[in-house]
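> A single structure is presented below for examination.
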Amino acid sequence: LGTLKPNEYVIYYNDPQRARVSVRLLGVDGRELDADPPDPCAFEGREELRDLVVDRYVRLTRNEDRSVPDRDRYKRDLRYVSPHEYEAPGLTNLQLLERGVVCTNFFSGETLDLAAELRAAQRRAEEKNAGCWATRNFCP
Numbered sequence: 242l243g244t245l246k247p248n249e250y251v252i253y254y255n256d257p258q259r260a261r262v263s264v265r266l267l268g269v270d271g272r273e274l275d276a277d278p279p280d281p282c283a284f285e286g287r288e289e290l291r292d293l294v295v296d297r298y299v300r301l302t303r304n305e306d307r308s309v310p311d312r313d314r315y316k317r318d319l320r321y322v323s324p325h326e327y328e329a330p331g332l333t334n335l336q337l338l339e340r341g342v343v344c345t346n347f348f349s350g351e352t353l354d355l356a357a358e359l360r361a362a363q364r365r366a367e368e369k370n371a372g373c374w375a376t377r378n379f380c381p
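See below:
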């Protein structure tokens with residue numbers, strides 16, 4: 242599966258023979274599925290993420306700057322996600338932003354390694370009216 246750095250691991254997403262790993266993508270926030278009524282973009286975001294990771298090996302990379310915790314309050318690993326063969330972290334995070342189905346999300350006091358790239362990806366989606374940006378001001 243290639244060379245891994247100490248802050249990375251690879252999983253096969255949806256492999257029933259392995260324990261599930263719960264992951265939250267760093268720097269992005271999807272709309273809420275359990276809102277009443279559900280945000281239509283929540284479904285688009287979920288489907289886009291599934292298209293990018295289901296039945297594939299994915300590389301999960303921890304943020305280098307340790308101001309970002311390893312896990313969130315729900316015990317999910319906080320990671321950049323990429324296809325396993327792609328050595329730079331966060332390709333999946335960036336693709337979701339560029340498709341306009343998630344928003345950037347940074348917590349106070351955190352220094353994300355890819356903050357500038359994530360902001361630029363969202364800006365490109367806004368400028369192209371991609372995904373949910375086509376119908377409204379998508380992100381708060």
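Numbered continuously in our numbering, the sequence shown closes out at residue 381.
Beta carbons are placed, not taken as given, at the ideal position from N, Cα and C, and that holds for glycine.
A quick note: this is a predicted structure, and the numbers were derived from the prediction, not measured.
(1) Can you tell me whether E289 is buried or exposed, with buried defined as 16 or more other CB within 10 angstroms of its CB?
(2) Which two residues bound the contiguous beta strand (DSSP E) that contains V264?
(3) Would V322 and E351 be called neighbours here (beta carbons separated by less than 8 Å)?
(4) Use the C-beta contact count for F348: other C-beta atoms within 10 angstroms, 16 or more gives buried, fewer gives exposed.
(5) For the beta strand (DSSP E) that V299 lies in, which residues bound it at each end?
(6) I'd like the span of the alpha helix (DSSP H) that includes L274, first residue to last.
(7) Leaving out five residues before and five after Y315 in sequence, what residues of the same chain have Cβ atoms less than 8 Å from its Cβ?
(8) Pull up the DSSP beta-bridge partners for C344, would you.
(9) Out of curiosity, what's the CA-to-CA distance linking R365 and E326?
(10) Thinking D318 and R312 are a contact (beta carbons under 8 Å), I'd like their distance in whole angstroms, please.
(11) For a test of the three-state rule: what should DSSP assign to E339, helix, strand or coil?
(12) What three-state label does DSSP hand E249 in the structure shown?
Straight from the coordinates:
(1) Your numbering for residue 289 matches position 48 in the sequence shown. Buried.
(2) Against the sequence shown, residue 264 aligns to sequence position 23. First-last of the beta strand (DSSP E) with V264: 264-266.
(3) Position 81 of the sequence shown, counted from the start, is the residue given in the question as residue 322. Position 110 of the sequence shown, counted from the start, is the residue given in the question as residue 351. Not in contact: V322 and E351 (Cβ atoms no closer than 8 Å).
(4) Counted from its first residue, the sequence shown places residue 348 at position 107. Around the beta carbon of F348, fewer than 16 other beta carbons lie within 10 angstroms, which makes this residue exposed.
(5) Residue mapping note: residue 299 aligns to position 58 of the sequence shown, counting from 1. In the DSSP annotation of this structure, the continuous segment of the beta strand (DSSP E) that includes V299 starts and ends at 298-302.
(6) Position 33 of the sequence shown, counting from 1, holds the residue named residue 274. Note, L274: premise wrong, no alpha helix (DSSP H); not H, not E.
(7) In the sequence shown, counting from the first residue as 1, residue 315 sits at position 74. Once the five neighbours on either side are set aside, the close Cβ partners of Y315 are S263, R265.
(8) On the sequence shown, residue 344 is found 103 positions in, with the first residue counted as 1. According to DSSP, which records beta bridges pairwise, C344 is partnered with D270.
(9) For the purposes of this step, residue 365 is taken as the residue at position 124 of the sequence shown. For the purposes of this step, residue 326 is taken as the residue at position 85 of the sequence shown. Answer to the nearest angstrom: the Cα atoms are 25 Å apart.
(10) For this step, residue 318 is matched to residue 77 along the sequence shown. For this step, residue 312 is matched to residue 71 along the sequence shown. Contact holds; Cβ gap of about 6 Å.
(11) Translated into positions along the sequence shown, residue 339 becomes position 98. Of the three classes helix, strand and coil, the one that applies to E339 here is helix, per DSSP.
(12) Indexing the sequence shown from 1 puts residue 249 at position 8. It is a strand residue.
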